[in-house]
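First the structure, in the form of structure tokens, and then the observations on it.
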Amino acid sequence: MRAVFINLDRAADRRAFMECLAERLGLVFERMAAVEAAGIGEGEVERLGRSWERPLTRPELGCFLSHHRLWQTVAAGNAPMLVLEDDVVLSPRLASLLPAISALEAVDFLNLESFGRRRFVGRQARPIGERAAILRLHRDKSGSAAYVLWPAGARKLLARAERGAAPVDAFLHGLRALASFQIEPALGMQLHLLAERGFEVPPGSATAIQAPRQRLPLTRSNLPFHARRLATQVALAGDHAMRLFGWRYRRVEVVRGEMEATLAGLVKAWGEVR
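Following our numbering, the numbering of the sequence shown begins with -10 at its first residue and continues without gaps.
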């Protein structure tokens, strides 16, 4: 399976980190240059950046457009792609599971990561080998650092993107028409989550696009944003009601110590080559 990571031209440390990760996993990662926020035209900001629950920041829009480019590539082909951001730690189990993942049917999108938050998943697990299984992912809102996308799913995302954008994780996990699944135990975790838990990460490798924001004022010009936010909250209430009919709202399991061990090896290797 083709594996591509998204990386800004100026983020040389992150590129080196991902190349080191690929080597340790025995995989080949291709690099795609990310869209620079400063290079996004005002027309595109106006067209795409005001269609969600609040105005998107330029870095958020750059991230969305970077993923969008890969969706176009997947949609034009006939095989799934592993899409990665350049701040993810991956499990050593990934390489052995990729053949089984490639062979999956009736799947548009497979989330590989854990974000440490609860999500709505199905009750029934479908084993795929190597002590891993996939669950129907009914709703999530966080994480776009490691996923597998199939051509049919890419076409659905592109069709939705014609009507506007969102932070890419919200966009991916908010499209009801997408046949989305979650792998368990998870195969990835973002560096900033591990750093928040006190683990050492390579210098310059763990940053986050999002920053704390103030609540959007309730003004006439902001009413469309508030209306979309309200619609999302109503849908979320419906999702919670589905727990009465078999949905589960829980955290995805991870293999205890697995990501941390991988990260420790990367930090050691990083120190030897820097």
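C-beta: ideal position from N, C-alpha, C; glycine also.
Computed from a predicted model, the values in this text were never measured in an experiment.
Those residues which DSSP pairs with residue i across a bridge
i, result
"Gly177", "Leu79 and Glu102"
"Val110", "Leu126 and Arg237"
"Phe170", "Leu99 and Arg125"
When the options are compared against residue i, the one with the closest alpha-carbon
i, options, result
"Gly142", "Val96, Val243 and Gly38", "Val96"
"Cys52", "Ile29, Gly163, Pro69 and Ala250", "Ile29"
"Arg336", "Gln171, Trp236, Ala155 and Arg218", "Given a span of -10 to 263 for the chain in the structure shown, any question on residue 336 remains unanswerable."
"Ser169", "Arg58, Val241, Val110 and Ala226", "Val110"
"Arg218", "Ala121, Val244 and Gly163", "Gly163"
"Leu93", "Leu124, Val72 and Met231", "Leu124"
"Tyr238", "His229, Met7 and Lys130", "His229"
"Ala(-8)", "Ser91, Asp2, Ala27 and Leu50", "Ser91"
"Trp139", "Glu33, Gln61 and Ala258", "Gln61"
"Arg245", "Gly177, Thr221 and Arg128", "Gly177"
"Gly235", "Glu8, Ala64 and His127", "His127"
"Ala0", "Asp75, Arg107, Leu10 and Trp41", "Asp75"
"Gly32", "Arg47, Phe18 and Glu42", "Arg47"
"Lys257", "Ala226, Leu10 and Arg4", "Leu10"
"Ala159", "Thr221, Arg13, His215 and Gln171", "Thr221"
Which of helix, strand or coil DSSP assigns to residue i
i, result
"Gly254", "helix"
"Ala92", "coil"
"Ala197", "Only weak support is given to the placement of Ala197: the predicted model assigns it a pLDDT of 47, under 50, and the value that follows is read from those uncertain coordinates. Of the three classes helix, strand and coil, the one that applies to Ala197 here is coil, per DSSP."
"Glu19", "strand"
"Gly118", "strand"
"Thr208", "coil"
"Val63", "helix"
"Phe53", "helix"
"Gly163", "helix"
"Gly270", "Only positions -10 to 263 of the chain appear in this structure, which leaves residue 270 out of reach."
"Phe188", "coil"
"Arg43", "coil"
"Gly142", "helix"
"Glu247", "helix"
"Gly28", "helix"
The beta strand (DSSP E) enclosing residue i, as first and last residue numbers
i, result
"Val137", "Ala135 to Leu138"
"Val72", "Met70 to Glu74"
"Ala(-8)", "Arg(-9) to Asn(-4)"
Terminal residues of the alpha helix (DSSP H) in which residue i lies
i, result
"Val34", "Glu31 to Leu37"
"Leu225", "Leu212 to Ala230"
"Arg(-1)", "Here Arg(-1) belongs to no alpha helix (DSSP H), and DSSP marks it neither H nor E."
Worksheet item: Contact between the region 97 to 114 and the region 124 to 138: three or more CB pairs below 8 angstroms?
Response: yes
Worksheet item: Three or more C-beta pairs closer than 8 angstroms, one from the region 207 to 220 and one from the region 69 to 86: is that the case here?
Response: no
Worksheet item: Three or more beta-carbon pairs under 8 angstroms between the region 71 to 83 and the region 145 to 155, yes or no?
Response: no
Item to complete: Decide yes or no for the touch test of the region 244 to 256 against the region 184 to 191: beta carbon pairs closer than 8 angstroms, at least 3 of them.
Response: yes
Practice prompt. Specify whether the region 14 to 26 and the region -9 to -2 touch according to this definition: at least 3 beta carbon pairs, one from each stretch, less than 8 angstroms apart.
Written response: yes
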